[in-house]
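>
There are 2 protein chains.
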Amino acid sequence: MMDDAGLRARKKAKTRRALVEGAMRLFAEKGFEQTTLAEIAASAEVSTRTFFSYFAGKEEVVFFDAEERLDRTLAIVGHRREGESVTQLLLRVVEAGATWDDDLATRLAAERFRLVMTVPALQARALHLLFDSQRRVAEALCAAYPDELDSVSAAAAVGAMVGAAKLAAVMSLAKGEPYEAAWKAVRKAAQVVASGLDSLGRPARQPV
Amino acid sequence: MMDDAGLRARKKAKTRRALVEGAMRLFAEKGFEQTTLAEIAASAEVSTRTFFSYFAGKEEVVFFDAEERLDRTLAIVGHRREGESVTQLLLRVVEAGATWDDDLATRLAAERFRLVMTVPALQARALHLLFDSQRRVAEALCAAYPDELDSVSAAAAVGAMVGAAKLAAVMSLAKGEPYEAAWKAVRKAAQVVASGLDSLGRPARQPV
DNA sequence: CAGAAAACATCATCGAATGCAAAAATTCAA
DNA sequence: TTGAATTTTTGCATTCGATGATGTTTTCTG
Numbered sequence: 005m006m007d008d009a010g011l012r013a014r015k016k017a018k019t020r021r022a023l024v025e026g027a028m029r030l031f032a033e034k035g036f037e038q039t040t041l042a043e044i045a046a047s048a049e050v051s052t053r054t055f056f057s058y059f060a061g062k063e064e065v066v067f068f069d070a071e072e073r074l075d076r077t078l079a080i081v082g083h084r085r086e087g088e089s090v091t092q093l094l095l096r097v098v099e100a101g102a103t104w105d106d107d108l109a110t111r112l113a114a115e116r117f118r119l120v121m122t123v124p125a126l127q128a129r130a131l132h133l134l135f136d137s138q139r140r141v142a143e144a145l146c147a148a149y150p151d152e153l154d155s156v157s158a159a160a161a162v163g164a165m166v167g168a169a170k171l172a173a174v175m176s177l178a179k180g181e182p183y184e185a186a187w188k189a190v191r192k193a194a195q196v197v198a199s200g201l202d203s204l205g206r207p208a209r210q211p212v
Numbered sequence: 005m006m007d008d009a010g011l012r013a014r015k016k017a018k019t020r021r022a023l024v025e026g027a028m029r030l031f032a033e034k035g036f037e038q039t040t041l042a043e044i045a046a047s048a049e050v051s052t053r054t055f056f057s058y059f060a061g062k063e064e065v066v067f068f069d070a071e072e073r074l075d076r077t078l079a080i081v082g083h084r085r086e087g088e089s090v091t092q093l094l095l096r097v098v099e100a101g102a103t104w105d106d107d108l109a110t111r112l113a114a115e116r117f118r119l120v121m122t123v124p125a126l127q128a129r130a131l132h133l134l135f136d137s138q139r140r141v142a143e144a145l146c147a148a149y150p151d152e153l154d155s156v157s158a159a160a161a162v163g164a165m166v167g168a169a170k171l172a173a174v175m176s177l178a179k180g181e182p183y184e185a186a187w188k189a190v191r192k193a194a195q196v197v198a199s200g201l202d203s204l205g206r207p208a209r210q211p212v
């Protein structure tokens with residue numbers, strides 16, 4: 005249907021935004037599980053019943069931009085550069101994970117991260133979303149390199165890269181290190197995976 | 005406290021077992037979300053309230069042996085063999101994931117797998133458990149190779165290996181391949197990670 | 001057997017989630 | 001502009017998972 009014209013669509017987008025902002029504010033103020041759906045709905049001036057026509061559940065609000073981000077990642081994989089290797093492409097995907105061009109997402113990034121790290125239900129939801137994304141990315145990668153990758157190799161590549169990046173980031177941040185250090189850890193992890201675990205004990209290869 | 009003697013402990017173990025078996029049977033018969041806690045509790049002849057003193061929630065029943073399996077994995081990492089490389093140890097851990105020595109777990113393995121693949125809530129829970137396990141394993145690995153690994157490298161290694169194995173297994177099974185093929189895919193994925201992603205697709209290519 | 005401790009049941013409550021039908025808002029065509 | 005047609009919102013009822021409080025039964029210890 006029409007994408008942005010129409011009062012209806014605009015109002016819908018506005019309500020969605022209001023729900024996200026209201027919910028995130030409440031989560032920050034009084035905690036995720038302490039915030040009830042009734043309160044979230046009230047903060048956007050809709051009924052609790054209406055909430056569920058925007059989000060499937062309380063957790064979904066926190067990941068309001070997940071679909072959009074996945075689409076962008078799939079686009080990167082789908083339009084791979086000429087002569088680019090699988091590894092190079094995946095490193096570029098990891099790198100792209102750092103960029104935000106969405107207002108709302110940028111503003112809420114820190115609070116979202118804090119929530120995901122502290123609320124078990126959100127942690128589980130985040131991992132599930134990430135997992136589904138990996139599957140999609142692996143399929144796209146397989147399609148992008150039809151002559152070089154079978155589906156299992158593609159899955160292994162994506163799983164390894166994302167798995168390493170994820171765990172490296174979490175371990176770094178769990179030690180209380182700042183964002184910058186965490187990103188450095190992610191890049192290092194990606195490099196290790198790219199060049200093989202066997203390179204771990206040995207002197208580091210020349211970084212890219 | 006005493007470990008296994010005592011009527012109390014035996015009865016508790018028996019009840020726990022009854023809850024697991026009853027729940028899994030009901031899940032198989034009528035589906036996970038169609039089964040209520042009241043029914044599960046009734047199948048083991050306890051009150052619904054008592055159920056929660058055995059499991060934190062309906063999903064936990066399905067992963068009744070998670071803790072035990074993690075402990076065994078940590079034991080492997082903790083007692084690494086003389087001269088064994090990080091990669092070799094991790095490959096051995098992956099391999100050990102295939103072994104079951106628990107009656108109950110063996111009998112319920114197929115149904116459990118089917119459930120996890122089809123029920124979103126269980127998928128999320130499984131990923132969360134796996135993630136927490138990875139953190140613990142990464143820490144253990146770091147402790148086992150204090151001279152060769154920092155915590156980020158250990159995290160990257162574990163994340164890469166587990167991530168690759170997981171995604172490879174799921175992709176394989178999603179294609180309808182049998183267990184044996186899935187395990188082959190897991191081993192292949194582990195090998196790819198061990199030798200580096202760059203080894204994918206192009207047999208003879210200079211490292212980055 | 002008596003007292004302590006653990007496990008359990010009963011009762012009550014809260015919140016998330018869903019189905020349903022009525023009401024309101026928006027679109028579109030005449 | 002008016003009046004359907006369609007979409008969105010809402011209120012209500014209900015189901016179910018989860019938790020707390022409290023008293024009772026069962027098991028353990030001496």
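Chains A and B, in that order, give the protein sequences. Using the numbering used here, you'd call the opening residue of the first sequence number 5 and step up by one each time. Using the numbering used here, you'd call the opening residue of the second sequence number 5 and step up by one each time. In this text, a Cβ means the ideal position worked out from N, Cα and C, and glycines have one as well.
According to the neighbour-count rule (16 or more other Cβ atoms, all chains shown, within 10 Å of its Cβ), is A/Lys18 buried or exposed?
exposed
> Closest to A/Ala32 by C-alpha separation, out of A/Val66, A/Phe59, A/Tyr58, A/Leu11, would be which residue?
A/Val66
> Taking just the CA atoms, how far does B/Val141 sit from A/Ala128?
C-alpha separation (whole angstroms): 19 Å.
> Would you grab the beta carbon distance between A/Val162 and B/Leu171 for me? Rounded to a whole angstrom, and I think it's under 8 Å.
6 Å
> Determine whether the Cβ of A/Val81 lies closer than 8 Å to any Cβ atom of chain B.
A/Val81 has a beta carbon lying at 8 Å or more from every beta carbon in chain B.
> Between B/Gly61 and chain A, is the shortest Cβ-Cβ distance under 8 Å, so that the two count as touching?
no
> Candidates A/Ala186, A/Ala160, A/Ala189: which alpha carbon is nearest B/Val197's?
A/Ala160
> Please look up how many angstroms separate the CB atoms of A/Asp106 and A/Asp69, rounded, as I've assumed it's under 8 Å.
Taking C-beta atoms under 8 Å as the contact rule, A/Asp106 and A/Asp69 qualify, at a distance of about 6 Å.
> Could you have a look at A/Val141 and say whether DSSP puts it in helix, strand or coil?
The three-state reading of DSSP puts A/Val141 in helix, counting H, G and I together.
> Flag A/Phe135 as yes when its Cβ comes closer than 7 Å to any non-hydrogen atom of the ligand GDP, and as no otherwise.
What this structure holds is no ligand at all, so the ligand GDP is not there to describe.
> In chain order, what residues of the region 117–130 of chain B put their CB closer than 7 Å to some CB of chain A?
Gln127, Ala128, Arg129
> So, for A/Ser137: in the same chain, excluding its five sequence neighbours on each side, which residues have a beta-carbon less than 6 Å away from its beta-carbon?
Leu74
> Answer yes or no: does any C-beta atom of chain B fall closer than 8 Å to that of A/Val162?
yes
> Taking 8 Å as the cut-off, does the region 169–184 of chain A touch the region 152–159 of chain B (at least 3 CB pairs, one atom from each stretch)?
yes
> Please state whether the Cβ-Cβ distance between B/Gly2 and A/Ala168 is less than 8 Å.
Since the displayed chain B opens at 5 and closes at 212, residue 2 of chain B lies outside it and no answer follows.
> So, does the region 42–61 of chain B touch the region 108–124 of chain B, judging by three or more C-beta pairs under 8 Å?
no
> Does the beta carbon of B/Met28 come closer than 8 Å to any beta carbon on chain A?
For B/Met28, not one C-beta of chain A is nearer than 8 Å to its own C-beta.
> Reducing DSSP to helix, strand and coil, say where B/Ala130 ends up.
helix
> For chain A, is any of its Cβ atoms less than 8 Å away from the one on B/Ala214?
Because chain B is modelled from 5 through 212, residue 214 of chain B falls outside the range shown and cannot be assessed.
> If we count the other Cβ atoms within 10 Å of its Cβ and call it buried at 16 or more, is B/Thr103 buried or exposed?
exposed
> Could you give the DSSP three-state label for B/Phe68: helix, strand or coil?
coil
> When you compare each of A/Leu23, A/Thr77, A/Glu63 to A/Arg139 by their alpha carbons, which one comes out closest?
A/Thr77
> Does B/Arg209 pass the burial test, meaning 16 or more other C-beta atoms within 10 Å, or should it be called exposed?
Annotation note: pLDDT 35 at B/Arg209 (below 50); position unreliable, coordinate value reported separately. Answer is exposed; the Cβ neighbour count stays below 16.
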